[in-house]
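Trainee: Pasting in a structure now, in structure tokens, and then I'll have a few things to ask.
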Amino acid sequence: MTRKLKFTKAFLVLFFVFFLYALSVVNPAIAQPSYAVEGPTNDVIRVAGDINYPPYEFLDQNGVYRGFNVNMLNAVFLELEMDFELIPMKWEEAQQALRRGEVDMIQGMIRTPEREGYYLFSEPLVTNGQAIFVRKDNQFISALEDLKGRTVTYQLGDVAEEILGWEPGVDALGFADQERALADVLNGHADAFVGNRLTAIYYLQKMRRLEDIKIVGEPMAVTDYCMAVNPDHPELLEKLNGAIKRVKESGVYDQIYKKWFGEQLVDYGITLDQAKRIFYLLLGIMSLSIFAALVVRQWNAKLTKEVLFQTEKIRSQEAAIRQYDKMQTVGNLAAGIAHELRNPLTSIKTLSELVPLKRDNDRFIEEFKEIVPSEIARMDQLITDLLDYARPKVPEPREIDLVSLVENLERLVRPRSEGGSVTIGHRLEALWVYADPNQLKQILLNLILNSLDAIAGMGEGAGSVRQGRIEITSTLMGERGVVELVVADNGPGMTGDEAARAFEPFVTSKRGGYGLGLPMVEQLIRENNGTISVDSTPGVGTRVIMELPAFEERGSRI
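Per the numbering used here, the sequence shown starts with residue 1112, numbered consecutively.
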């Protein structure tokens, strides 16, 4: 009954937290970005942005200025603790305002050699690229050189204007924004459009004309997309670069990038934010329905349990509890695998996506060759450990002299304890056990190394001067025919909850560990017909207590 009640209380807390989160997403006022950040300084940085350049920056149908650049600007100035004023305007006007000193910076601009003569550029926010868009029935344009003699549209002031300037004979037609430039191609008034790939795809989806257009040729002008600063303010550029670095290191950048570029944009008559709000609202309603069903189910389970107690069907109840624990362990194991594999897979995915854009960058290639094999080896080691845990080798038990085995192990681990910070000793009776010697070595080695790591971690704290000690003892429990084998240390110890979960997979406090060491130890002990438990006190130390089948000195089993 106690386990069921705890489960119900935990579910209630999680449900209401989630339901409040769903309501906050549905409320438009909560989801909108701010245009200014309060800070300790009286200076206000004036920031210009393109009024119509989605998904980087644009006014949505509700008149809210949003996009990747807006979110990044808020994150950066939160790091700087400075005030800023964000001023949306047409792109050409934004560039002119920066040159005239009417604004201090532009929140997003493609970096080109020509523009470097006018502005200072921050560390890159994203890698940007231009593409050629033609109608799907166009069979004559497949590359940049095919634009000669054709009418080609572009956005005024965009880097596409420079690209088209390199090609003689192109009838270039500039528009205030990419949406109008694309519409001219769709209406048959122009042959092609050159502009930012992601922005153009956004507009085509908005116009429901994505199926009428195709991209031809190779990506062009693959350049860095940065914040642009007035050359009179180099000190501002230095602050921006530091803040951008911290935003990326904190993980906030990854969340913003995924929001605007990580998923394909959709448009079915509603905005992406509206679709998300509807989804979360429906999810909240569904959660409420599931909650009601679980309450009814919980009540029925409680009645069933009372009937089982009254009719003394204890075996059936215990079997149900064991099955529940088994499924819970499987769930934890699956979640742990997903979590541990996601990190290296994310690194590999990110680098792979950059290959087409940076294949000529020697530094990137060297990083790719170093990082990808390392992440693959990391996943391979995790899978190997999981297989060892899931399918351990069949033990080959025989009589083992504990004194001889432990003394050999002490010689093996002594280099780890040299320097006097930790002493390793034993008080063993001349006892023999019946087990697989290789597996018993693995068990004891794992426990000793765990103790060394725990004591080392304790020593990292300020003012810690206690001498570390690890001791291995054995006692014959003759009445039960087993040998009690104990590995004890005077490390930091564990709380009751930590000790209770010590043998659960993927539960670890060790930096860089997977949390599979003690679960494997427990499994090996069970395979050798033994038992294992943990007795630990915070600030005092930990004792791992094992019981294994005993043998007499000459090898006859007790």
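From the three backbone atoms N, C-alpha and C, an ideal C-beta is built for every residue, glycine too.
By alpha-carbon positions, which one of ASP1288, TYR1265 and LEU1258 ends up nearest to GLU1278?
Mentor: When each option's Cα is compared against that of GLU1278, the closest is LEU1258.
Trainee: Within its chain, find whatever has a CB closer than 6 Å to the CB of PHE1169; leave out the 5 residues flanking it on each side and keep chain order.
Mentor: Around PHE1169: ASN1163 and GLY1178.
Trainee: Please report the straight-line C-alpha distance between ASP1670 and LEU1315, rounded to a whole angstrom.
Mentor: The structure shown does not extend to residue 1670, since the chain is modelled only from 1112 through 1669, so no value can be given for it.
Trainee: Mark THR1653 as exposed unless 16 or more other C-beta atoms lie within 10 angstroms of its C-beta, in which case mark it buried.
Mentor: Classification of THR1653: buried, given that the 10 Å Cβ count is 16 or more.
Trainee: What residues match up with HIS1537 in a beta bridge as DSSP calls it?
Mentor: Looking at the DSSP assignment, HIS1537 forms a beta bridge with ILE1583.
Trainee: Would you check whether the ligand ATP has a heavy atom nearer than 7 Å to the C-beta of ARG1308?
Mentor: As for the ligand ATP, it is missing from this structure, which has no ligand bound.
Trainee: When we look at the beta-carbon of TRP1371 and count the other beta-carbons within 10 Å, is it buried (16 or more) or exposed?
Mentor: By the 10 Å Cβ count, TRP1371 comes out buried.
Trainee: Are the beta-carbon atoms of MET1220 and ARG1226 separated by less than 8 Å?
Mentor: For MET1220 and ARG1226, yes; Cβs fall inside 8 Å.
Trainee: To the nearest angstrom, report how far apart LEU1556 and LEU1520 are at their CA atoms.
Mentor: Taking the straight line from one Cα to the other gives about 7 Å.
Trainee: Using the Cα positions of THR1342 and TYR1229, report the straight-line distance between them to the nearest angstrom.
Mentor: The amino acid occupying residue 1342 in the given sequence is Pro; Thr does not appear at that position. Taking the straight line joining both Cα atoms gives about 7 Å.
Trainee: Counting only runs that start and end within the segment 1246-1312, where is the beta strand (DSSP E) found for 3 or more residues in a row?
Mentor: Runs found: 1262-1266, 1282-1286 and 1303-1307.
Trainee: Measure the CB-CB distance between VAL1544 and GLY1604 and report whether it falls below 8 Å.
Mentor: No, the pair does not count as a contact, with Cβ atoms beyond the cut-off.
Trainee: Do you know offhand how far ALA1159's Cα is from ARG1357's?
Mentor: Approximately 23 Å between the Cα atoms of the pair.
Trainee: Distance, Cα to Cα, PRO1224 vs GLN1366?
Mentor: The straight-line gap from Cα to Cα measures roughly 31 Å.
Trainee: For PHE1232 versus ALA1332, is the C-beta spacing smaller than 8 Å?
Mentor: Cβ atoms of PHE1232 and ALA1332: not closer than 8 Å.
Trainee: Determine the burial state of LEU1184: buried for a count of at least 16 other Cβ atoms within 10 Å of its Cβ, exposed for fewer.
Mentor: The residue in question, LEU1184, is buried, as its Cβ has 16 or more Cβ neighbours within 10 Å.
Trainee: What residue does the beta strand (DSSP E) around GLU1510 start on, and which one ends it?
Mentor: From DSSP, the beta strand (DSSP E) with GLU1510 extends over 1509-1512.
Trainee: Taking the alpha-carbon of THR1584 as reference, which of LEU1516, VAL1407 and ALA1287 has the nearest alpha-carbon?
Mentor: Ranking the options by Cα distance to THR1584, first place goes to LEU1516.
Trainee: Rounding to the nearest angstrom, what Cα-Cα distance links LEU1587 and VAL1597 in this structure?
Mentor: In a straight line, the C-alpha of LEU1587 is about 12 Å away from that of VAL1597.
Trainee: Leaving out five residues before and five after ALA1271 in sequence, what residues of the same chain have Cβ atoms less than 7 Å from its Cβ?
Mentor: For ALA1271, where only same-chain residues beyond five positions count, the Cβ hits under 7 Å are GLN1241, TYR1265, VAL1305 and GLY1306.
Trainee: Less than 8 Å between the C-beta atoms of GLU1510 and PHE1662, yes or no?
Mentor: Result yes, Cβ atoms of GLU1510 and PHE1662 sit closer than 8 Å.
Trainee: Please report the straight-line C-alpha distance between THR1238 and ASP1154, rounded to a whole angstrom.
Mentor: Their Cα atoms are separated by approximately 31 Å.
Trainee: If you follow the beta strand (DSSP E) that SER1647 is in, where does it begin and where does it stop?
Mentor: Per DSSP, SER1647 belongs to the beta strand (DSSP E) from 1642-1648.
Trainee: Quick test of your reading: GLU1464 and GLY1536, contact by CB under 8 Å. State the CB separation rounded to the nearest angstrom.
Mentor: Wrong, their Cβ atoms sit about 55 Å apart, outside the cutoff.
Trainee: Please give me, in chain order, every unbroken run of the alpha helix (DSSP H) with length at least 4 that falls completely inside the segment 1334-1376.
Mentor: Those alpha helix (DSSP H) runs which fall completely within the segment 1334-1376 and span 4+ residues are 1345-1361 and 1363-1368.
Trainee: From the DSSP secondary-structure annotation, give me the bridge partner or partners of MET1216.
Mentor: Per DSSP, VAL1158 and VAL1340.
Trainee: Can you tell me where the beta strand (DSSP E) with GLY1652 in it begins and where it stops?
Mentor: Taken as a continuous stretch (DSSP letters only), the beta strand (DSSP E) holding GLY1652 covers 1652-1662.
Trainee: Go ahead and pull the three-state DSSP assignment for ASP1171.
Mentor: Three-state DSSP puts ASP1171 in coil, outside helix and strand.
Trainee: Quick check on the burial criterion: 16 or more other C-beta atoms within 10 angstroms. Buried or exposed for ASP1471?
Mentor: Exposed, because fewer than 16 other Cβ atoms sit within 10 Å of the Cβ of ASP1471.
Trainee: Which residue from VAL1263, ALA1294, ARG1291 and GLY1268 puts its Cα closest to that of LEU1284?
Mentor: Ranking the options by Cα distance to LEU1284, first place goes to VAL1263.
Trainee: By a C-beta neighbour count over all protein chains shown, 10 Å radius and 16 as the cutoff for buried, is VAL1406 buried or exposed?
Mentor: Counting Cβ neighbours within 10 Å, VAL1406 comes out exposed, since fewer than 16 surround it.
Trainee: When the Cα atoms are used, what is the spatial distance from PRO1455 to ALA1488?
Mentor: Each residue's alpha carbon lies about 10 Å from the other.
Trainee: Tell me the DSSP bridge mates of GLN1241?
Mentor: Beta-bridge pairing links GLN1241 to ASN1307 and MET1331.
Trainee: Please classify THR1310 as buried or exposed, where buried requires at least 16 neighbouring CB atoms within 10 angstroms.
Mentor: Counting Cβ neighbours within 10 Å, THR1310 comes out buried, since at least 16 surround it.
Trainee: Taking DSSP as the reference, what is the three-state secondary structure of VAL1505?
Mentor: The answer is coil: DSSP assigns VAL1505 none of H, G, I, E or B.
Trainee: Looking at ILE1243 and GLY1299, is the spacing between their C-beta atoms short of 8 Å?
Mentor: In this structure, ILE1243 does not lie closer than 8 Å to GLY1299 by Cβ.
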